[in-house]
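The sequence shown begins at -18 in my numbering and counts up by one. Step one of this worksheet: look at the structure below.
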Amino acid sequence: MDDKRSKILSVPLSIFRSSWIFFIVPVVVLSETASLIVRSKASVGSKLGGGGGVFLGVAILAIFGVFAWFAILNQKTSEKKEILGGDDDSFIEKVPKFQYEELTLATNNFSSVLGRGGSSCVFKGTLREGTCVAVKRTMQGQEHGKREFQAELAGIMRLNVQNANIVQLLGYCVVPRGPRFLIYEFIPNGSLDSWIFPHKHNGNQPRGCLPLKSRYKVAIDVAKALSYLHNARILHLDVKPENILLDSSFQALVSDFGLAELMGEIEGSIVVKRVRGTREYLAPEWILQGRVSAKTDVYSYGMLLLEMIGGQRNIRKHDDIKRWEYFPKIVFDKMKAGKLLEALDKRLMDKTVDENVVRKLAYVALWCVQEKIKLRPNMAQAIDMLEGRLPVNEPPETGMFFLDLLVIQGKASVVRTV
């Protein structure tokens, strides 16, 4: 009997890695224990008296309780690993978890599409209490979509205090072996690109023309959001008009943390295994060296400012189908020629246009896109320059990266020019 009891109680801990074991093992244990009770009823009764049966019953319940506790613990650990991919899971308790059925009901079976991306789709929804939400669904079966979901959730959860210029995460939902969802507050005026570009792009219809004063305010809002992120040691790494949302009063909020990375030090840099994001906004050190830092976001921010100034993409096809023009170089040349207003969005040109605001935006933008990292300001300095606390000197000429599309035998070549 001692050998059998030893056999029952010496279950190796390695089997606990499979959650289904937690439901099989207790059954085996109880079965073996019951067999022992039957076989040794006489001897146990003689040795332990009437209390022996009670003792064994309590022991059986204790064993079952231990296995049940391990099962629950393993399930929670597996769920956190599935959600964050092994990242620090201490933040997950802060975020409400939604049920898939709730989201299906809120979005009317995912019928109202707000936008689409490479690995995700965003739907408009209304919760039972009437709150409007934006539900971001990661496409099922796409590994990079899973990584972006994990990065976005982990990144935004690290923000201890909600910032007025960062979109608020309301919750998440993970369907086992299915899609993943992030639930955000709904921002009514959509993304910035639909307010600064006159033509449809990536499925976004133009909503109107944002006035220069509002663009200047948006520039400051975005700078404050990025400065806040950098102070929290978070790199956004996907700063572009599509990821800037405008609320009902046209206050800007930074969204989409799918490419976010955590820095070890505020002034340090990290190596990223692969180049991601939209090429037009990527800093040269990321493309050439695979290194990113807070100054990488600064570069992207500068490219964003230039597009806000001109109301056009920084890289666009010129009259000649074989040539593509690089707007940052155009802005620099206009600045040197004293004709900066010629680079301004033509829809903004009138007698009331403030040339000082245009100059300030252009100067800050051209400082931010300097090829030499040390010449770029940090985001706190960019805010001070925009708000007048720091002087904004004329930026120097810089080696610039851009696309010169040569249609040669149907193939495109990327070249570097100054």
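Note that CB positions come from ideal geometry on N, CA and C, so glycine has one too. Note that the structure is a prediction, hence the values are computed from the model and not measured.
Would residue i be called buried (16 or more neighbouring beta carbons within 10 Å of its own) or exposed?
i      : result
Leu269 : exposed
Gly380 : exposed
Gln131 : buried
Gly159 : exposed
Cys113 : exposed
Asn374 : exposed
Leu216 : buried
Lys353 : exposed
Asp326 : buried
Ala145 : exposed
Gln80  : exposed
Pro376 : buried
Run through DSSP, which three-state label would residue i get?
i      : result
Ser281 : helix
Ile215 : strand
Lys194 : helix
Ser59  : Residue placement at Ser59 is flagged as unreliable, the pLDDT there being 49, under the threshold of 50; the coordinate-derived value follows with that caveat. Reduced to three states, the DSSP call for Ser59 is helix.
Leu322 : helix
Phe162 : strand
Glu288 : helix
Arg357 : coil
Ser274 : strand
Ser100 : coil
Lys221 : coil
Lys85  : Sequence inspection shows Thr at residue 85; the Lys mentioned does not correspond to that position. Correct three-state label for Thr85: helix.
Is residue i near residue j, with beta carbons less than 7 Å apart?
i      : j      : result
Lys342 : Leu286 : The question names Lys, but residue 342 in the sequence shown is Leu. Yes. Within cutoff.
Ile137 : Leu150 : yes
Leu240 : Arg257 : yes
Asp278 : Val220 : yes
Pro309 : Val350 : yes
Glu223 : Ser172 : yes
Arg196 : Met289 : yes
Ser208 : Met360 : yes
Leu227 : Val148 : no
Leu243 : Arg214 : yes
Gly283 : Ala346 : yes
Thr88  : Ser101 : no
Assuming residue i contacts residue j (C-beta within less than 8 Å), just tell me the rounded distance between them.
i      : j      : result
Trp348 : Arg357 : 6 Å
Ala204 : Leu367 : 7 Å
Tyr153 : Lys78  : 6 Å
Leu163 : Leu210 : Wrong, their Cβ atoms sit about 17 Å apart, outside the cutoff.
Ile177 : Leu234 : Ile177 to Leu234, Cβ: 16 Å. No contact.
Item to check | Sufficient close CB pairs (3 or more, under 8 Å) joining the stretch 315 to 325 to the stretch 237 to 253 | outcome: no
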